[in-house]
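Trainee:
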Amino acid sequence: MKSRYSRIFGLLFLAAFGGVSIATSIPARTVEAESNSPAASEESSAAFVFQDEFEPVDNMHHFMEYVYEPVYKELKESLKLEPADKKAWAKVKSGSMILAEASSLLAKRPSEKADGKKWSEFSAIVNLNGAKLFHAARAKDYGKAQSLFKEMSTGCAKCHEAYKK
Ligand code: HEC
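Residue 22 is where the sequence shown starts when you use the numbering used here, and the numbers rise one by one after that.
(1) Would the stretch 136-151 count as touching the stretch 164-183 if we require 3 or more Cβ pairs under 8 Å?
(2) Under the criterion of a Cβ to heavy atom distance below 7 Å, does S99 qualify as lining the ligand HEC?
(3) Look up S132 in the DSSP assignment and say whether it is helix, strand or coil.
(4) Which residue spans inside the stretch 130-169 form an unbroken alpha helix (DSSP H) run of at least 4?
(5) With contact counted as at least three CB pairs below 8 Å, one residue from each stretch, are the stretch 127-142 and the stretch 107-115 in contact?
(6) Measuring CA to CA, which of L100, E90, A152 and A183 is closest to Q167?
(7) Helix, strand or coil: how does DSSP classify K171 here?
(8) CB of V147 to nearest heavy atom of the ligand HEC: below 7 Å?
Structure follows, in structure tokens:
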């Protein structure tokens, strides 16, 4: 008797529980469907566009002072003598890559008085030679690395000559 009652009770419980879960799954599905509606996806793509518009952290002076200058100095130091081991070459790889990559960012931020084309050209000198320097460091070619460092530095000098106050 007892077990029969409990079986019936169990079935009732299951039915009730199942009913509740079906009932709750209906609004859940509606919410899901709503979030796939065109309006909702428009909203999320709008959020992406916003994310795409990166703002400079601060002015050009600080960009140079805190990104270019310390990395450049360290790189120069790393190339004074032939890098002795993997760790020393890794420093050259790091510095050259940072300067090369930062220069594609630099190219997009011409100063107000800059004629865009020249500004991009000077940025490209740092970008291209910085990239070559990175690859020379991967090949542990000290001679090539030294001349590419000089070549890269002409980009800094040319831009400063033209635009630095
Ligand atoms: C495309 C142009 C451009 C390139 C390339 C460039 N700079 Fe600059 N740099 C500027 C401008 C413009 C300023 C002046 C910013 C200001 O003071 O408003 C400046 C200023 C500086 C300063 C002075 C900041 C201070 O603290 O007084 C340093 C240092 C510097 N750059 C280092 C470098 C180095 C190193 C490189 C190359 C690896 C380089 N820059 C490449 C445009 C450039």
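Ideal Cβ positions, reconstructed from N, Cα and C, are used throughout, including at glycine.
Mentor: Quick look at the numbers:
(1) yes
(2) no
(3) coil
(4) 137-159
(5) no
(6) L100
(7) helix
(8) yes
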